[in-house]
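Protein chains: 2
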Amino acid sequence: MTVDASAPTGTPASAPSPVPALTERQEARRQRILRATQQLAARGGFDAVQMREVAELSEVALGTLYRYFPSKIHLLVATMQDQLEQLHDQLRRKPPISTDPGERVAETLMRTFKALQREPHLAEAMMRALTFADRSVSAEVDSVNRLITDVIGDAIHAGRQLTRAELAAVRVVTHTWHSTLITWLSGRASISQVKADIDTACTLVSQAAGAE
Amino acid sequence: MTVDASAPTGTPASAPSPVPALTERQEARRQRILRATQQLAARGGFDAVQMREVAELSEVALGTLYRYFPSKIHLLVATMQDQLEQLHDQLRRKPPISTDPGERVAETLMRTFKALQREPHLAEAMMRALTFADRSVSAEVDSVNRLITDVIGDAIHAGRQLTRAELAAVRVVTHTWHSTLITWLSGRASISQVKADIDTACTLVSQAAGAE
DNA sequence: CGCTAATCTAGAACAAGTTCCTACTCCGCC
DNA sequence: GGCGGAGTAGGAACTTGTTCTAGATTAGCG
Numbered sequence: 019m020t021v022d023a024s025a026p027t028g029t030p031a032s033a034p035s036p037v038p039a040l041t042e043r044q045e046a047r048r049q050r051i052l053r054a055t056q057q058l059a060a061r062g063g064f065d066a067v068q069m070r071e072v073a074e075l076s077e078v079a080l081g082t083l084y085r086y087f088p089s090k091i092h093l094l095v096a097t098m099q100d101q102l103e104q105l106h107d108q109l110r111r112k113p114p115i116s117t118d119p120g121e122r123v124a125e126t127l128m129r130t131f132k133a134l135q136r137e138p139h140l141a142e143a144m145m146r147a148l149t150f151a152d153r154s155v156s157a158e159v160d161s162v163n164r165l166i167t168d169v170i171g172d173a174i175h176a177g178r179q180l181t182r183a184e185l186a187a188v189r190v191v192t193h194t195w196h197s198t199l200i201t202w203l204s205g206r207a208s209i210s211q212v213k214a215d216i217d218t219a220c221t222l223v224s225q226a227a228g229a230e
Numbered sequence: 019m020t021v022d023a024s025a026p027t028g029t030p031a032s033a034p035s036p037v038p039a040l041t042e043r044q045e046a047r048r049q050r051i052l053r054a055t056q057q058l059a060a061r062g063g064f065d066a067v068q069m070r071e072v073a074e075l076s077e078v079a080l081g082t083l084y085r086y087f088p089s090k091i092h093l094l095v096a097t098m099q100d101q102l103e104q105l106h107d108q109l110r111r112k113p114p115i116s117t118d119p120g121e122r123v124a125e126t127l128m129r130t131f132k133a134l135q136r137e138p139h140l141a142e143a144m145m146r147a148l149t150f151a152d153r154s155v156s157a158e159v160d161s162v163n164r165l166i167t168d169v170i171g172d173a174i175h176a177g178r179q180l181t182r183a184e185l186a187a188v189r190v191v192t193h194t195w196h197s198t199l200i201t202w203l204s205g206r207a208s209i210s211q212v213k214a215d216i217d218t219a220c221t222l223v224s225q226a227a228g229a230e
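Sequences listed follow chains U and G, in order.
Just so we're aligned: 39 in this note's numbering is position 21 of the first sequence, and the numbers increase by one with no gaps anywhere.
Just so we're aligned: 62 in this note's numbering is position 44 of the second sequence, and the numbers increase by one with no gaps anywhere.
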């Protein structure tokens with residue numbers, strides 16, 4: 019369960035410290051693994067992502083898979099990082115259009131939610147992994163949280179730093195986002211309920227941004 | 019993974035429909051199982067709750083354990099129900115004393131948080147189970163959510179029904195509560211951060227109660 | 001009391017995540 | 001071009017949640 023610092027676990031684009039820079043073949047392997055994971059997850063969710071199958075589908079030995087991603091949770095959290103980066107790019111190209119900051123955040127999250135609805139099984143797999151992650155995945159989960167916070171920060175307004183009050187509001191928004199998503203994914207809330215929860219939380223952002 | 023309706027899974031004190039009313043020995047077994055679960059969870063958290071050990075410690079065969087609780091997740095969620103009921107009783111005896119509704123909710127949750135801090139491993143086990151639960155545990159998870167909502171509802175003011183706006187606020191509060199707890203339990207947030215998040219979310223309750 | 005069905009015990013068996021081992025291959029370097 | 005070590009393939013082995021089976025025990029009832 020301990021993370022081996024020498025393993026090629028982190029994203030290559032992060033810190034220059036313990037990341038040994040993957041060779042081309044290694045980067046290709048990593049991509050194959052992530053693609054296989056997405057494929058299996060999209061088909062049957064968390065349970066369908068079986069390490070042996072991921073290994074087989076990505077044409078990599080089981081031991082190699084574990085060298086790249088030290089656990090199933092790490093693998094799925096990395097998949098989420100991957101997806102979030104794509105999403106962030108898309109959102110940068112087409113920013114939300116509302117005038118109120120809170121509404122822009124809500125718009126952004128609803129757009130993200132729509133994207134997740136297209137692959138509900140994949141969403142389920144990633145979110146289950148994210149909330150089930152223990153301390154050994156802290157760094158990766160933190161990175162995911164930072165990505166989401168960035169996405170929301172951009173929606174409030176790209177450029178300036180967020181105020182203290184805005185940051186507090188954003189924290190509650192991300193908590194609500196995660197938790198309401200989980201509730202939806204396990205069939206205990208409707209889509210409109212998710213939307214309502216997001217909207218409620220986003221009023222905090224409007225207030226915080228208005229009172230600056 | 020399917021719940022067998024004939025199994026003695028539900029709390030005996032609930033609906034009179036499919037619950038066959040446990041005999042004394044059966045109720046004793048159920049209690050032994052729950053106590054063993056708490057004991058193991060308190061020692062080492064989610065991973066330390068191993069079904070074979072629970073069975074052994076509660077002097078019940080493995081098959082019997084599974085008859086009472088169809089999965090480890092069911093078992094831990096039932097443990098949480100148990101704990102929450104105790105908590106609710108305690109809170110009823112000593113209600114929060116603040117004057118503002120939002121502050122009463124915050125006070126209630128912080129008191130609950132302090133209780134959880136006394137057995138962090140147990141808290142971890144229960145919360146991990148709660149968020150990892152899939153559709154087969156919907157009913158039980160819903161019941162837990164209802165309990166928490168009731169606790170918060172009582173804090174707002176026991177007696178009257180909540181308004182629509184209050185309900186929306188309470189939903190965000192519970193989302194924030196769950197998610198910030200998970201963040202704390204996996205070592206990614208400090209205690210004061212948890213408190214701050216709860217306070218932020220609770221301002222929504224103050225507003226909703228003020229605008230009624 | 002004696003019967004029958006349900007429940008329980010003990011333990012084997014199975015499934016999937018994880019670890020470990022051995023031989024083979026690739027990479028950087030002399 | 002050859003060497004040494006890191007990386008990889010292939011697969012056995014181990015762990016723990018879950019299921020299944022066969023033989024006791026118990027509960028309820030005539």
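From the three backbone atoms N, C-alpha and C, an ideal C-beta is built for every residue, glycine too.
Taken in chain order, the whole beta strand (DSSP E) runs of length 3 or more contained in the segment 67-96 of chain G number zero. Between Ile200 of chain G and chain U, the shortest Cβ-Cβ separation is below 9 angstroms. Per DSSP, reduced to three states, the secondary structure at Pro119 of chain G is helical. In this model, Ala96 of chain G and Leu40 of chain U are separated by some 46 angstroms (Cα to Cα). Per the coordinates, the alpha-carbon of Ser156 of chain U lies some 21 angstroms from the alpha-carbon of Ile170 of chain U.
At least one C-beta of chain G is nearer than 9 angstroms to the C-beta of Leu222 of chain U. Of all residues in the segment 186-216 of chain U, only Ala186, Ala187, Arg189, Val190, His193, Thr194, His196, Ser197, Thr198, Ile200, Ser204, Gly205, Arg206, Ala214 and Asp215 come within less than 7 angstroms of chain G when Cβ atoms are compared, listed by chain position.
In this structure, DSSP gives Ala207 of chain G a state outside helix and strand, which the three-state scheme calls coil. DSSP places Pro138 of chain U inside the alpha helix (DSSP H), whose first and last residues are Pro138 to Phe150.
Within chain G, Arg146, Thr149 and Phe150 have C-beta atoms less than 8 angstroms from the C-beta of Phe150 of chain U, given in sequence order. If you check each beta-carbon in the segment 79-98 of chain G against every beta-carbon of chain U, none falls closer than 9 angstroms. Note that the segment 201-215 of chain G does not touch the segment 179-191 of chain G; fewer than 3 beta-carbon pairs, one per stretch, sit closer than 8 angstroms. Within 8 angstroms of the CB of Thr218 of chain U, the CB atoms of chain G belong to Ala186, Ala187, Arg189, Val190 and Leu222, in sequence order along the chain.
Annotation for Ala173 of chain U: the continuous alpha helix (DSSP H) segment containing it runs Ser156 to His175.
Annotation for Asp217 of chain U: Ala124 place their beta carbon closer than 6 angstroms to its own, counting only its chain and skipping 5 residues before and after.
Within the segment 150-167 of chain U, those residues whose Cβ lies closer than 9 angstroms to any Cβ of chain G are, in chain order, Phe150, Ala151, Asp152, Arg153, Val155, Ser156, Val159, Asp160 and Asn163. Rounded to whole angstroms, the gap between the alpha carbons of Leu165 of chain G and Glu77 of chain U is 48 angstroms.
Between His139 of chain G and Ala226 of chain G, the C-beta spacing is not below 9 angstroms. Nearest C-alpha to Met144 of chain U among U:Ile91, U:Gly228 and U:Gln211: U:Ile91. Look at Gly63 of chain G here: in three-state DSSP terms it is coil, with no helix or strand label. In the three-state scheme derived from DSSP, where H, G and I count as helix and E and B as strand, Gln225 of chain G is classed as helix. At a cut-off of 9 angstroms between beta carbons, Phe64 of chain G contacts chain U.
Our two residues, Ser154 of chain U and Ile51 of chain U, have alpha carbons roughly 21 angstroms apart in a direct line.
The alpha-carbon of Met98 of chain G is positioned some 31 angstroms away from that of Met69 of chain U.
The distance from the Cβ of Leu148 of chain U to that of Val162 of chain U is about 6 angstroms, consistent with a contact at the 8 angstroms cut-off.
Non-local beta-carbon contacts of Leu105 of chain G in its own chain, meaning distances under 8 angstroms to residues more than five positions away in sequence, involve Thr130, Ala133 and Val169 in chain order. Taking 9 angstroms as the cut-off, the Cβ atoms of Ala54 of chain G and Leu75 of chain G count as close.
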